[in-house]
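Step one of this worksheet: look at the structure below.
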Amino acid sequence: MRACFSSSDIMLPRKATAEDAWAVVACDQYTSQPEYWEDVERIVEGKPSTLNIIFPEVCLPEIDERITRIRANMEDYLKENILSEAVHDGFVLVERTTESGTRLGLVGKVDLESYDFTPGNGALIRATEGTVTSRIPPRVRIRSGAIIESPHVMMLIDDREKKLIEPLYEKRSGFAALYDATLMKGGGRVRGYAIEGEEAEAVNALLLDMQRASGGFFISVGDGNHSLVTAKSWWDELKERLSPEEREGHPARYALAELVNLHSPALRFEPVHRVLFGVDAGALYRGFIAYCGGLGVKAVGGDDLTFKGRGLNESFSLEGAKGRLPVDILQGYLDGFLAENEKACVDYIHGEETPLVLSEERGNCAIFLKSLDKRALFPAIAAGGVLPRKTFSMGEAHEKRYYMECRKIR
Numbered sequence: 253m254r255a256c257f258s259s260s261d262i263m264l265p266r267k268a269t270a271e272d273a274w275a276v277v278a279c280d281q282y283t284s285q286p287e288y289w290e291d292v293e294r295i296v297e298g299k300p301s302t303l304n305i306i307f308p309e310v311c312l313p314e315i316d317e318r319i320t321r322i323r324a325n326m327e328d329y330l331k332e333n334i335l336s337e338a339v340h341d342g343f344v345l346v347e348r349t350t351e352s353g354t355r356l357g358l359v360g361k362v363d364l365e366s367y368d369f370t371p372g373n374g375a376l377i378r379a380t381e382g383t384v385t386s387r388i389p390p391r392v393r394i395r396s397g398a399i400i401e402s403p404h405v406m407m408l409i410d411d412r413e414k415k416l417i418e419p420l421y422e423k424r425s426g427f428a429a430l431y432d433a434t435l436m437k438g439g440g441r442v443r444g445y446a447i448e449g450e451e452a453e454a455v456n457a458l459l460l461d462m463q464r465a466s467g468g469f470f471i472s473v474g475d476g477n478h479s480l481v482t483a484k485s486w487w488d489e490l491k492e493r494l495s496p497e498e499r500e501g502h503p504a505r506y507a508l509a510e511l512v513n514l515h516s517p518a519l520r521f522e523p524v525h526r527v528l529f530g531v532d533a534g535a536l537y538r539g540f541i542a543y544c545g546g547l548g549v550k551a552v553g554g555d556d557l558t559f560k561g562r563g564l565n566e567s568f569s570l571e572g573a574k575g576r577l578p579v580d581i582l583q584g585y586l587d588g589f590l591a592e593n594e595k596a597c598v599d600y601i602h603g604e605e606t607p608l609v610l611s612e613e614r615g616n617c618a619i620f621l622k623s624l625d626k627r628a629l630f631p632a633i634a635a636g637g638v639l640p641r642k643t644f645s646m647g648e649a650h651e652k653r654y655y656m657e658c659r660k661i662r
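Using the working numbering, you'd call the opening residue of the sequence shown number 253 and step up by one each time.
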């Protein structure tokens, strides 16, 4: 059996660079706040930064010009030795501290042949949420001409016994320190340690043992799924031009990512609520109950879902869902409802305050969801394929992964 996640050669900038402007937050954050990214540009102006080798989604209108700059910046960072190999055939142990606590991770490479983002697949590595295909082509254009990659992908492993990452952290004093940086704009602090040599070999062996025992579903993609889809899409295109021998070891077959234990106390799953506009709240609620009945699912006492509008306040749980999450069933209903009711629309909102206010307005209905029980994630994906978008959020925007490590992909 071939490992789906393993050690890699990993590049980092000079330490002085890493402490300053190098690391920026994931490109899919603050997409409605261009002022955030304008401030980041001000902070990193004239300095080496991952901002210069990524494509913030807020910048989509400038696609052609920015892609050209990204490729040139990648070449410059290698020629000027801003980036160099810091870890040989190993991993980076990551310690990220935010207000949620200390989140541990392990940076290594993903075998894209073991990853599938289509619903209902049986791959070892699977997406948690549906893919928005319109977001992929610009990213493929970047990756197809890129010489390096830098990941914001965070993948999840269901390691309840905490036998992979946590024991490494206990031994961190014996590992070479790679970086210790305060992340810009409230991102907290991040430290990295090199796992190489015999220790890396032991980690590879343990990963393979855990993979064999996983029953065929080993890792789920928590954040950055569209970036992994991009890497997979480009690899599927590229490999058609390669011989079988070339495919085996080509660097584009792999993608760098951080693996995090699903059961980390610092990994918070927060609900994303729905607010429907231009609807009759009572009719929306009754329609959902009928929809559930058609699936053999029954509303029972509980508070997994709450429909709230003028004259409506109904909380309940679902019985007979056969492993599917309430939000999965809800989103199926809402997608059909919105397709049939063109005047209605939906917004996805973090936090309860705004939906509560909006629910008091005529023609609105707020639907509140409970926080996802992390223990239900893997069974839910196994049962339903992938979850709908906006099922949950892994912490706040500033707690997402920042770009730091790099890897050559050609």
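Virtual Cβ for every residue (Gly too), placed ideally from N, Cα, C. Predicted model only: the values in this text are computed from it and were never measured.
Residue i to residue j span [Cα, whole Å]
i: Ser-425; j: Gly-444; result: 11 Å
i: Glu-337; j: Ile-409; result: 27 Å
i: Val-339; j: Leu-430; result: 9 Å
i: Thr-643; j: Lys-331; result: 43 Å
i: Asp-556; j: Asn-565; result: 13 Å
i: Glu-290; j: Glu-297; result: 10 Å
i: Pro-631; j: Lys-574; result: 10 Å
i: Leu-570; j: Thr-383; result: 26 Å
i: Glu-498; j: Glu-381; result: 32 Å
i: His-650; j: Gly-438; result: 6 Å
i: Trp-274; j: Asp-328; result: 15 Å
i: Asp-432; j: Asp-272; result: 11 Å
i: Met-436; j: Ala-504; result: 30 Å
i: Pro-496; j: Leu-490; result: 12 Å
i: Ile-394; j: Ile-319; result: 6 Å
i: Lys-550; j: Glu-594; result: 28 Å
i: Asp-316; j: Glu-450; result: 45 Å
i: Tyr-537; j: Gly-553; result: 15 Å
Which of helix, strand or coil DSSP assigns to residue i
i: Ala-429; result: strand
i: Arg-378; result: strand
i: Met-462; result: helix
i: Cys-256; result: coil
i: Ile-661; result: coil
i: Leu-303; result: helix
i: Tyr-585; result: helix
i: Arg-499; result: helix
i: Val-362; result: strand
i: Lys-550; result: strand
i: Ala-457; result: helix
i: Leu-590; result: helix
i: Ala-278; result: coil
i: Ala-273; result: coil
i: Lys-560; result: strand
Terminal residues of the alpha helix (DSSP H) in which residue i lies
i: Ile-295; result: 286-296
i: Phe-326; result: Going by the sequence as given, residue 326 is Met instead of Phe. Per DSSP, Met-326 belongs to the alpha helix (DSSP H) from 315-331.
i: Leu-608; result: 605-611
i: Asp-488; result: 477-490
i: Ile-388; result: 388-396
Spatially closest choice to residue i from the options, by CA coordinates
i: Met-407; options: Asp-272, Tyr-288 and Leu-376; result: Leu-376
i: Gln-285; options: Lys-622, Ala-275 and Glu-309; result: Glu-309
i: His-502; options: Ala-635, Leu-511 and Ala-483; result: Ala-483
i: Ser-611; options: Gly-563, Tyr-655 and Glu-594; result: Gly-563
i: Phe-521; options: Glu-648, Tyr-282 and Thr-349; result: Glu-648
i: Ile-601; options: Pro-523, Ala-518 and Phe-540; result: Pro-523
i: Cys-597; options: Thr-606, Gly-530, Val-552 and Leu-547; result: Gly-530
i: Gly-572; options: Gly-545, Leu-358 and Thr-558; result: Gly-545
i: Leu-420; options: Val-392, Ala-452 and His-404; result: Ala-452
i: Gly-663; options: Gln-463, Ala-428 and Gly-561; result: This structure cannot speak to residue 663, because the chain is shown only from 253 to 662.
i: Arg-614; options: Asp-532, Asn-477, Ala-518 and His-478; result: Asp-532
i: Glu-347; options: Leu-519, Val-481 and Leu-335; result: Leu-519
i: Cys-279; options: Asp-261, Leu-358 and Ile-305; result: Ile-305
i: Thr-283; options: Ile-262, Arg-378, Gly-357 and Arg-387; result: Arg-387
i: Ala-507; options: Ser-366, Phe-568, Glu-592 and Gly-353; result: Ser-366
Whole-number beta carbon distance between residue j and residue i, since they are thought to touch under 8 Å
i: Leu-213; j: Asn-456; result: One cannot answer for residue 213 here, as it falls past the ends of the chain, which runs 253 to 662.
i: Ile-581; j: Glu-401; result: Not really, about 37 Å apart at Cβ, beyond 8 Å.
i: Leu-459; j: Phe-620; result: Actually they are not in contact, since the Cβ atoms of Leu-459 and Phe-620 sit about 39 Å apart, beyond 8 Å.
i: Arg-441; j: Thr-349; result: 5 Å
i: Asp-475; j: Met-656; result: Actually they do not touch by this definition, with Cβ atoms about 15 Å apart.
i: Lys-255; j: Asp-363; result: Looking at the sequence itself, residue 255 is Ala, so the reference to Lys does not match. Their Cβ separation, rounded to whole angstroms, is 7 Å, which keeps Ala-255 and Asp-363 in contact under 8 Å.
i: Arg-659; j: Ile-262; result: 6 Å
i: Gly-548; j: Gly-372; result: About 19 Å; that fails the 8 Å criterion.
Range of the contiguous beta strand (DSSP E) that encloses residue i
i: Cys-544; result: Note, Cys-544: premise wrong, no beta strand (DSSP E); alpha helix (DSSP H) at 533-546.
i: Arg-424; result: Run containing Arg-424: none; DSSP gives neither H nor E here.
i: Ala-509; result: 506-513
i: Arg-441; result: 440-447
i: Leu-570; result: 564-571
i: Ser-352; result: Counting along the chain, Ser-352 falls outside any beta strand (DSSP E), and DSSP gives it neither H nor E.
i: Asn-616; result: 616-621
i: Cys-311; result: From DSSP, Cys-311 is part of no beta strand (DSSP E); its letter is neither H nor E.
i: Arg-526; result: 521-529
i: Ile-399; result: Unbroken run through Ile-399: none, as it is neither H nor E.
Min CB distance residue i to chain D below 8 Å
i: Tyr-506; result: Absence of chain D from the displayed structure is noted, only one protein chain being present.
Distance cut-off 7 Å: residue i Cβ against heavy atoms of the ligand FAD
i: Gly-603; result: Within the structure as shown, the ligand FAD is missing, as the structure has no ligands at all.
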